[in-house]
Amino acid sequence: MRIGFLEDDLEQAEVMKVWMEDSGHTVSHFASSSAFIKTLKRDSFDLLVFDWLLPDISGIEVLKRIRASYDSPVPVIFVTQQDRESDIVEALGAGADDYMTKPVSRAELVARVEALGRRAAGFTQERETILDFEPYKFDTKAQTINVNGEALSLTQKEFELALFLFQNAWRIVSRAHILETVWGTSSAIATRTVDTHASRIRSKLNFSPEMGWQLSSIYQHGYRLEKLDT
Amino acid sequence: MMALSESATKQLEALYQRYRDSLPEKIALIKEAFDNSVSQNYSADSIKELKFIVHNLAGSAAMHGFNEVSSCAKTIDRHIGHDDHTDTGDHAWQQLLHDQFDKLSSAIEVATDTEDSIPA
Chain L
0 MRIGFLEDDL EQAEVMKVWM EDSGHTVSHF ASSSAFIKTL KRDSFDLLVF DWLLPDISGI
60 EVLKRIRASY DSPVPVIFVT QQDRESDIVE ALGAGADDYM TKPVSRAELV ARVEALGRRA
120 AGFTQERETI LDFEPYKFDT KAQTINVNGE ALSLTQKEFE LALFLFQNAW RIVSRAHILE
180 TVWGTSSAIA TRTVDTHASR IRSKLNFSPE MGWQLSSIYQ HGYRLEKLDT
Chain Z
0 MMALSESATK QLEALYQRYR DSLPEKIALI KEAFDNSVSQ NYSADSIKEL KFIVHNLAGS
60 AAMHGFNEVS SCAKTIDRHI GHDDHTDTGD HAWQQLLHDQ FDKLSSAIEV ATDTEDSIPA
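As you go down the protein sequences, you meet chains L and Z in turn.
Under numbering that gives the first Met the number 0, the residue at position 55 of the first sequence is numbered 54, and the numbers go up by one with no gaps.
Under numbering that gives the first Met the number 0, the residue at position 12 of the second sequence is numbered 11, and the numbers go up by one with no gaps.
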């Protein structure tokens with residue numbers, strides 16, 4: 000997963016970053032809320048890990064801003080020393096998906112992060128081979144997409160990109176996020192590759208009001224796939 | 000739970016050693032913040048600064064396996080808490096803060112003299 004990690008204490012951040020990266024995740028660390036908020040305007044993550052007490056803007060305030068400003072369901076887990084019941088209730092009430100009080104162990108942090116990631120990705124869907132995003136039916140085993148019984152002709156990368164966009168529908172996903180997830184890299188391939196593939200998908204899947212889906216290019220950020228009201 | 004890779008183990012060993020070496024520096028920083036607070040008659044700003052330092056110490060010490068240091072720092076963090084005892088001349092509160100600070104100093108001294116292992 001691509002994890003955004005907000006923690007001002009570098010000594011704690013370095014240890015937790017090693018733990019999460021060693022479990023196969025890509026972690027972007029931010030020591031201040033303002034730096035994180037600035038990045039969030041042009042980038043996206045699969046999951047966010049927040050500390051509460053920060054020098055500029057508190058983690059709970061950042062969470063409230065995210066939930067108010069973005070209609071994205073990106074999961075957020077708090078890892079903090081704030082251990083009062085009222086703190087936990089406030090964080091969960093503001094939209095946090097999980098809450099851990101420090102000190103945390105590697106095993107528990109990684110387990111909770113991965114459990115939350117599975118839930119967010121739709122664990123039940125992952126185990127099914129047929130995913131239905133009406134009118135598109137994805138067969139993840141055969142790597143095919145059917146529309147009204149007809150198979151579309153897609154390359155493997157086009158299929159993977161389409162699946163990623165549908166699994167992240169309504170969220171703005173950055174080009175860097177797409178590159179890392181679909182191509183498994185962030186540097187060797189130009190972001191133009193993403194644009195080319197997105198254009199082909201838009202055409203091949205015929206995103207239109209008739210089909211009920213719209214793929215928007217978000218300036219200096221990435222893409223958002225949305226289901227249109229019918 | 001998978002075991003740590005060799006590379007991650009090496010990174011954590013280096014971080015642990017660096018943290019351990021930094022403990023005397025940390026107690027000097029806390030002492031400075033504490034003395035500053037006393038000299039300012041426990042003003043709200045000075046106590047806030049002290050709280051911020053011990054709050055981070057409580058988290059980072061535990062993460063590096065120094066549990067006693069973390070526990071003492073957390074006690075101070077909680078003692079300062081959210082209630083406003085600053086500028087009130089609450090002598091009992093101030094005395095307890097002094098006692099807790101002494102315990103933290105001792106815990107850090109012990110930690111720097113003890114061979115601990117990296118936490119799992």
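Positions of the beta carbon are idealized from the N, C-alpha and C atoms, including for glycine.
Under the DSSP assignment, Z/R77 falls in the alpha helix (DSSP H) whose first and last residues are 66-79. Taking a 10 Å sphere around the C-beta of L/G92, we find fewer than 16 other C-beta atoms and assign the residue as exposed. Spanning the alpha carbons of L/A12 and L/I2 requires a straight line of approximately 13 angstroms.
Of the residues L/V146, L/S27, L/K140, the one whose Cα lies closest to the Cα of L/M0 is L/S27.
By the CB criterion at 9 angstroms, L/V75 and L/I65 fall inside the cutoff. In this structure, the CA atom of L/W18 is about 9 angstroms from the CA atom of L/A106.
Chain L has no Cβ within less than 9 angstroms of the Cβ of Z/H78.
At a cut-off of 9 angstroms between C-beta atoms, Z/H97 does not count as an interface residue with respect to chain L. DSSP places L/H28 within a strand segment (E or B) once states are collapsed to three. Just measuring C-alpha positions, the residue of L/L178, L/A197, L/S198 sitting nearest L/A189 is L/L178. The beta carbons of L/S32 and L/E10 sit no closer together than 9 angstroms.
Only E13, V14, V17, D21 from the stretch 13-27 of chain L bring a Cβ to less than 7 angstroms from some Cβ of chain Z.
Take the alpha-carbon of L/Y218 and the one of Z/A7: they are about 38 angstroms apart. If you check each beta-carbon in the stretch 53-65 of chain Z against every beta-carbon of chain L, the ones closer than 8 angstroms belong to H54, N55, A57, G58, S59, A61, M62, H63. For L/L5, the pairing in a beta bridge is given by DSSP as L/F29, L/F49. Setting aside the 5 residues that flank it on each side, Z/V53 is surrounded in the same chain by A72, I75, D76, each with a C-beta closer than 6 angstroms to its C-beta; the list follows chain order. Taking a 10 Å sphere around the C-beta of Z/I46, we find 16 or more other C-beta atoms and assign the residue as buried. Separation of L/A119 and L/L130 (C-alpha to C-alpha, rounded to the nearest whole angstrom) is 15 angstroms. Counting the other Cβ atoms within 10 Å of the Cβ of Z/Q99 gives 16 or more, which makes it buried. Not a single CB atom of chain L sits nearer than 9 angstroms to the CB of Z/S42. Only those residues of the stretch 32-44 of chain L whose C-beta falls short of 8 angstroms from the nearest C-beta of chain Z would be listed, and there are none. Chain L has a Cβ within less than 9 angstroms of the Cβ of Z/Q10. Per DSSP, L/K140 lies in no alpha helix (DSSP H) segment and is marked neither H nor E. Between the stretch 191-200 of chain L and the stretch 11-28 of chain Z, the count of C-beta pairs closer than 8 angstroms stays below three; the two stretches do not touch. Residue L/Y135 holds the alpha-carbon nearest to the alpha-carbon of L/A150 among L/L164, L/F163, L/K156, L/Y135.
For L/D194, the uninterrupted alpha helix (DSSP H) segment begins and ends at 190-203.
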